[in-house]
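Once you know that position 144 of the sequence shown is 146 in our numbering, the rest is easy, because the numbers rise by one and skip nothing. Ideal placement from N, C-alpha and C gives every residue a C-beta, glycine not left out. If you're wondering where the values come from, they're calculated on a predicted model, not measured in any experiment.
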Amino acid sequence: MNKKVKAIRKDALNFILEIGESAHPEEMVGMLTAKKKVITDMVLAPGTYTSDKSAVMRVNQLPMGLNTVGSVHSHPSGNISPSKTDLEMFSKNGDFHIITGYPFEKNNWVCYNRKGEERELEVRDIENKEEDNLWEKELERLKEDIDE
Ligand SMILES: [Zn+2]
């Protein structure tokens with residue numbers, strides 16, 4: 003199911019960049035959560051700790067019931083290639099792993115798969131999503147009209 007994820011909400015991405023910037027020069031670590039094929043949020047992982055080399059996550063301390071599809075963390079150095087430790091963590095924690103780095107501008111992030119290969123992630127504007135919802139509602143209304 004998670005493999006069908008192909009987009010991230012723009013506001014979620016902006017949030018990730020903001021958190022990365024506010025944690026700077028420390029690293030931030032979190033998990034990505036998805037709804038219906040779209041990454042909608044990041045959850046800062048409690049019980050995470052950082053070192054200057056790599057961010058380490060304790061996934062078992064996350065709240066239950068979240069549909070997590072991968073991880074997100076920051077590289078204060080600005081080099082957004084995964085470290086050896088990152089690759090090991092990627093392989094165990096889902097198929098979407100965002101690394102963001104200094105200076106945390108719009109393009110300072112990459113999404114990797116569980117093998118550490120770059121993967122495409124469409125950035126979806128929330129307004130499009132709202133339009134979709136409106137269209138769905140309109141369809142529902144039409145169906146109801148027909149039923150009556
Ligand atoms: Zn890293």
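Straight-line CA distance for residue i to residue j?
i    : j    : result
Y24  : I101 : Correcting the residue type first, residue 24 is Ser in the shown sequence and not Tyr. S24 and I101: Cα-Cα distance of roughly 15 Å.
S93  : L123 : 18 Å
P105 : G80  : 7 Å
L89  : R121 : 14 Å
V1   : K139 : Because the chain in this structure spans residues 3 to 150, residue 1 falls outside the shown range and cannot be described.
V45  : N16  : 14 Å
M91  : G118 : 10 Å
A9   : V31  : 20 Å
A36  : V71  : 7 Å
N109 : T87  : 24 Å
Helix, strand or coil, according to DSSP, for residue i in the structure here?
i    : result
M33  : strand
E28  : coil
R11  : strand
F106 : coil
L19  : helix
D147 : helix
L165 : One cannot answer for residue 165 here, as it falls past the ends of the chain, which runs 3 to 150.
L46  : strand
Quick check on this structure: which residue in the options has the alpha carbon closest to the alpha carbon of residue i?
i   : options                   : result
N69 : E119, F106 and G96        : G96
V40 : L141, V112, D147 and D127 : D127
M33 : H26, D43 and P27          : D43
P27 : N110, I82 and H77         : H77
H75 : G67, A36 and I21          : I21
S85 : G67, Y114, L144 and N109  : Y114
Under 6 Å from any heavy atom of ligand 2, does the C-beta of residue i make it?
i   : result
S85 : Among the ligands modelled here, namely ligand 1, ligand 2 does not occur.
To which residues of the same chain is residue i closer than 6 Å at the C-beta, ignoring the five residues directly before and after it?
i   : result
I82 : I101, G103 and V112
Going along the chain, which residues of its own chain have a beta-carbon closer than 8 Å to the beta-carbon of residue i, five neighbours each way excluded?
i  : result
M3 : Confidence is the limiting factor: at M3 the pLDDT is only 45, short of 50, which leaves the residue's position unreliable, though a coordinate-based value still follows. Nothing listed; no residue qualifies.
| said: Suppose only complete runs of 4+ residues qualify. What are the alpha helix (DSSP H) ranges in the stretch 77–105, listed by chain order? | reply: The stretch 77–105 contains these whole alpha helix (DSSP H) runs: 86–92.
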